[in-house]
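Step one of this worksheet: look at the structure below.
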Amino acid sequence: MSKLLLYVAETYHPQKTDADIVLKNEITQGELTQLNSAFRVCSIYHSITQIKDIVVENGESFKRFMGAQNLKMLRRNNVSPERAITLANKAVLNYASSIKTYIDMETRLLKKKSTKEALSSFEAICHTFYDKNIEYRFWANFRNYIVHCEFPYSVYQESVDTGCRIICTKEHLLQFDNWKHSKDDIQKMDDIIDLPGLVDNMSGMIYALYIDFFSYFANDILDGINTYGTFCRKYDVKVPVIFKTKDKENIEGSHVQPLPIKELKASFDILKSNPKIKINIKE
-6 MSKLLLYVAE TYHPQKTDAD IVLKNEITQG ELTQLNSAFR VCSIYHSITQ IKDIVVENGE
54 SFKRFMGAQN LKMLRRNNVS PERAITLANK AVLNYASSIK TYIDMETRLL KKKSTKEALS
114 SFEAICHTFY DKNIEYRFWA NFRNYIVHCE FPYSVYQESV DTGCRIICTK EHLLQFDNWK
174 HSKDDIQKMD DIIDLPGLVD NMSGMIYALY IDFFSYFAND ILDGINTYGT FCRKYDVKVP
234 VIFKTKDKEN IEGSHVQPLP IKELKASFDI LKSNPKIKIN IKE
């Protein structure tokens, strides 16, 4: 079996043409292994960013669905009140479930990829959010309310003055006897509870947890940036890819390995945005 040859190659993107790949230098398997280690944070970036985006998008979708214009459109399209209520409950359940999934996923990633100290720090932030924020307490307990009691929306109203409304009432929520610390919060709310109004602050806290998450992988991110930068300087490349072939003169069957540079840079930018992290960048 012939040896697989490894080359660092530069990619160029001339205007309005496909990318060109120019082979530059042969590298060893050891160099490739070291280069690949620079991107070990990228799979974590993909996972946590995807679920963060899902939480935020589910929150925005829930708010849009409950908006007056959307409810008016549903009425014009002859969507029945029963169906509209079901869709409202679906939207709020999607949001609440994705919040829990985010917390569970970050917990799992920290247990698997980071340290006990990092996990303890994350849990401490969650406890602080719970203690100080009505929205965090509410959504933390909301999924249990649905599982063990009922969906929040059960009333559809239509009038000349208020238009179409799908309503969640305080009385309806308080039928659940295990709201824990949220019970006092709910008792102080209006009789008709504006659940979409509890979304923005909660999504903001999810984003804060997301920013904080990358601080636990700061060493991996900074080591990756340094390793990648050293490699690029050594071979004088700006947008490298790895070219794998058995025959440099016959590229049929060759393979190009792109590098997840975008994800590494995004992780670094998120780390820089954390006010608790100070990074000294040498010019």
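Per this note's numbering, the very first residue in the sequence shown carries number -6; after that it's consecutive.
Glycine included, each C-beta is placed from N, C-alpha and C at the ideal position.
Looking only at DSSP bridge pairs, what is residue i linked to?
i, result
"V1", "N18 and I235"
"H174", "None; H174 has no bridge partner."
"S152", "G156"
"Q27", "Looking at the DSSP assignment, Q27 forms no beta bridge with any residue, so it has no partner."
"D13", "Y5"
"T220", "In DSSP, T220 forms no bridge with anything."
"H248", "K237"
"T162", "I185"
For my contact list, residue i and residue j are in at a C-beta cut-off of 8 Å; report their separation, rounded to the angstrom.
i, j, result
"E3", "P233", "6 Å"
"D193", "R130", "Incorrect: roughly 16 Å between the Cβ atoms, too far for contact."
"K65", "G156", "6 Å"
"V34", "L257", "7 Å"
"F207", "I272", "Incorrect: roughly 12 Å between the Cβ atoms, too far for contact."
"Y149", "I78", "6 Å"
"S40", "L102", "7 Å"
Taking buried to mean at least 16 other C-beta atoms within 10 Å of its own C-beta, is residue i buried or exposed?
i, result
"T223", "exposed"
"L(-3)", "exposed"
"V48", "buried"
"K268", "Looking at the sequence provided, one finds Pro at residue 268 rather than Lys. With fewer than 16 other Cβ atoms within 10 Å, it is exposed."
"V1", "buried"
"D13", "exposed"
"N219", "exposed"
"D154", "exposed"
"K241", "exposed"
"E99", "buried"
"N51", "buried"
"S175", "buried"
"Y200", "exposed"
"M(-6)", "Unreliable positioning characterises M(-6) in this predicted model, as indicated by a pLDDT of 48, which lies under 50. The coordinate reading is nonetheless provided below. Its Cβ having fewer than 16 others within 10 Å, M(-6) is exposed."
"Y5", "exposed"
"A61", "exposed"
"K45", "buried"
"T238", "buried"
Could you tell me which of the options sits nearest to residue i, measuring between CA atoms?
i, options, result
"Y221", "K237, F32 and S266", "F32"
"E24", "A84, H120, I235 and D262", "I235"
"K255", "K231, K241 and K271", "K231"
"A278", "K109, K237, A133 and A61", "Because residue 278 is not part of the residues shown, which for the chain are -6 to 276, the question remains open."
"S147", "L80, L215, S107 and S114", "L80"
"T108", "V85, Y209, Y228 and K271", "Y209"
"Y38", "K271, N273, V85 and P253", "P253"
"V140", "D124, K125 and F169", "F169"
"Q43", "C225, C142, N63 and I92", "I92"
"M198", "K17, C119 and I78", "C119"
"S152", "C161, E128, K227 and R68", "R68"
"E19", "K227, A259 and K265", "K227"
"K265", "V249, S247 and I214", "I214"
Taking 7 Å as the threshold (beta carbon to beta carbon), is residue i in contact with chain C?
i, result
"A201", "Although the question refers to chain C, the structure presented lacks it and comprises just one protein chain."
Scan the stretch 37 to 99 and note each continuous beta strand (DSSP E) run of 3 residues or more that stays entirely inside, going in chain order. none
Item to check | Complete runs of the alpha helix (DSSP H) confined to the stretch 175 to 213 [at least 4 residues] | outcome: Taken in chain order, the whole alpha helix (DSSP H) runs of length 4 or more contained in the stretch 175 to 213 are 175 to 180 and 192 to 208.
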